[in-house]
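*Asks:* Attaching a single structure in C-alpha cells format; questions to follow.
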Amino acid sequence: MPAADPSTAPDAAALDAALAALRAGQAIGLPTETVYGLAADARDEAAVARIFALKGRPADHPLIVHLAPDAPLEDWARDVPPAARALAAAFWPGPLTLILPRARGVSDLLTGGQDTVGLRIPAHPAAQALLRAFGGALAAPSANRFGRISPTTAAHVREEFGDAVPVVLDGGASEVGIESTIVDLSGDAPRILRPGAIGRPALEAVLGEAIGDGRTPGAPRVSGSLDAHYAPRTPLRMLPADALGRALARHPAGAAAPQVLALDLLPPGAQGLALPAEPRAYARGLYAALRTLDARGAPELLLAEPPRGEAWDAVHDRLRRACAGSGA
Ligand code: TXA
Ligand code: MG
C-alpha cells in the first residue's frame, strides 16, 4: 500500500459524529482504501440487522468484520492457522480479507449462519482512527444497495442511501477502488474467494504454496460470487478494441449514442470516458466511471476489453459480473 495520505484523515468533529452514531447503534459510511463500507458495531445485533435492512441484502450473505491494527484475532477467530498469521503480517493493514473459523459467541447474523468469519484490518487512516477510538470492531459490507456498484467516494454513499445514512465519514476517493481480496483459510487448503489488489503471486510467495479458487461445490456463500453483481442499470457490453470501433461505426446517426468506457483514449467521435491501461489505475477509477456513465441514461454502455493476464484478474472479475448483472 502507498503511504497513508494525512489529508484523508477526518477532523475531530467528523470522527466524534461517527462515533456517536455508532454508539447509538446506527450504521455510518466508512472510508476504506478499497471501497466505502456501511459500518456498524459488530457486537450489536440490532445495528448489524440495520445494515442488512439498509442494503436490502439477504440474511445468508455474511459481513466482513473490520478490526483496528493490533486487535487480537482470537476475539473473532479460533484455531488461527500459521498461514493466517503470515498473510496478516505481510498484508495487514491492507486490502485483504481472511476467512477463518469463527470464535465462540460470534453472531450468526454476521456470518450468515456459517462457522467462519471474515476479518480485515483496513489501511485507510480514517478507518483506523475510527476503529481505535471506537475500541471495538465494525461490521461493514460495501456501502451500496444489494447488487449495485460499490461506492468509492463519500458522495457515492450519499447517493445510495440519502438521509437513511446520515453520517458518512469523508476520507476522499478510495485508493484501491475495488473490494478486498478474500482468502479462505478455514478449509484444508487456502482458496481465493474473490480476487483483488493483492494478487495470487503475492499471496503464494508468502504462503509458499499454490492457492486454489473458491468456485467449487460447497464453497461458502459469497455475494460477490453471484454473477449479477456490481452492476450498472444501463445494459453493458464488453468488446475488444477493434469490435468496439466497428460497433460505434455501425451506430445509426441520430439515434441515442452509447456511452463508451475506453482504454487510455476515447475513440474519435465517441462519447464516454477513458481509464488508464494500467491495472491499478484502472481499478481505482472503474466504479466512479461506471456510475458516471450509468447516470447519462444512454441505451447502452460499451466497454473496451482490458488486457488479460494475472495483474488484470480482479478487474476482469468485476467487469464480468457487471456485464452479467447490467440492465436488470
Ligand atoms: O474491500 C472490502 O472487502 C469492502 C470494504 C468495505 O472492507 N467490503 C466488502 O464487503 O466488499 P461486502 O460485504 O460487500 O463483500 C464481502 C464479501 C461478501 O461477498 C461476503 O459474502 C464475503 O465477503 N464473506 C464475508 N464473510 C464470509 C465468510 N465467513 N465466508 C465466506 N465469505 C464471506
Ligand atoms: Mg459488496
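Take the sequence shown: its letters are residues 25 to 352, numbered as in the numbering used here. In this text, a Cβ means the ideal position worked out from N, Cα and C, and glycines have one as well.
1) Entirely within the region 93-144 and at least 4 residues each: give me those alpha helix (DSSP H) ranges in chain order.
2) Among 268, 273 and 303, which residue has its Cα nearest to the Cα of residue 286?
3) For the region 176-183 against the region 153-164, do three or more pairs of beta-carbon atoms, one drawn from each stretch, fall closer than 8 Å, so that the two count as touching?
4) Just reading off the beta strand (DSSP E) that residue 286 is part of, what are its end residues?
5) Which value, in whole angstroms, describes the spacing of the CA atoms of residue 338 and residue 327?
6) How far does the beta strand (DSSP E) with residue 88 in it extend, from its first residue to its last?
7) Between the alpha carbons of residue 171 and residue 255, how many angstroms are there, rounded?
8) Grouping DSSP H, G and I as helix and E and B as strand, with all else coil, what is residue 242?
9) Which whole runs of the alpha helix (DSSP H) in the region 26-89 are 4 residues long or more, in chain order?
10) Based on the DSSP secondary-structure assignment, which residues constitute the bridge partners of residue 208?
11) For residue 51, which of 273, 62, 57 and 184 has the nearest alpha-carbon?
12) For residue 194, which of helix, strand or coil comes out of DSSP?
13) Sorted by chain position, which residues of the same chain lie with C-beta nearer than 7 Å to residue 309's C-beta, five sequence neighbours on each side aside?
14) Residues in the same chain with beta-carbon distance under 7 Å from residue 42, minus the five sequence neighbours each way, listed in chain order, please.
15) Classify residue 35: buried if its beta carbon has 16 or more other beta carbons within 10 angstroms, exposed otherwise.
16) Just how far apart, CA to CA, sit residue 204 and residue 257?
17) Could you tell me if residue 295 is buried or exposed, where buried requires 16 or more neighbouring beta carbons within 10 angstroms of its beta carbon?
18) Any chance the region 56-74 sits against the region 134-148, with 3 or more Cβ pairs inside 8 Å?
19) Ignore the nearest five residues each way along the sequence and tell me which others in residue 264's own chain have a CB closer than 6 Å to its CB.
20) Kindly examine ligand 1 and report whether one of its heavy atoms sits closer than 7 Å to the Cβ of residue 131.
21) From what residue to what residue does the alpha helix (DSSP H) around residue 261 run?
22) Residue 186 by DSSP, collapsed to three states: which one?
23) Near residue 320, which residues of its chain fall below 6 Å by C-beta distance, leaving aside the five closest residues on each side in sequence?
24) Run the CB neighbour count on residue 98, radius 10 Å, all protein chains shown included, and call it buried at 16 or more, exposed below.
25) Taking DSSP as the reference, what is the three-state secondary structure of residue 290?
*Replies:* Per the coordinate set shown:
1) 106-115 and 132-135
2) 268
3) no
4) Segment 283-287, the beta strand (DSSP E) holding residue 286.
5) 16 Å
6) That run of the beta strand (DSSP E) goes 88-90.
7) Using only the alpha carbons, I get a separation of about 6 Å.
8) Because residue 242 carries a pLDDT of 44, less than 50, the predicted location of this residue cannot be relied on, and no value is offered for it.
9) 36-47 and 69-79
10) Residue 208 is bridged to 123 and 215.
11) Checking every option, the nearest Cα to that of residue 51 belongs to 62.
12) coil
13) 201 and 299
14) 52, 154, 191 and 193
15) exposed
16) If you draw a straight line from the Cα of residue 204 to the Cα of residue 257, it comes to about 24 Å.
17) exposed
18) In short, these stretches touch, since the Cβ pair count reaches three.
19) 329
20) Residue side-chain check: residue 131 keeps its Cβ at 7 Å or more from all non-hydrogen atoms of ligand 1.
21) Here residue 261 belongs to no alpha helix (DSSP H); instead the beta strand (DSSP E) covers 260-263.
22) helix
23) 283
24) exposed
25) coil
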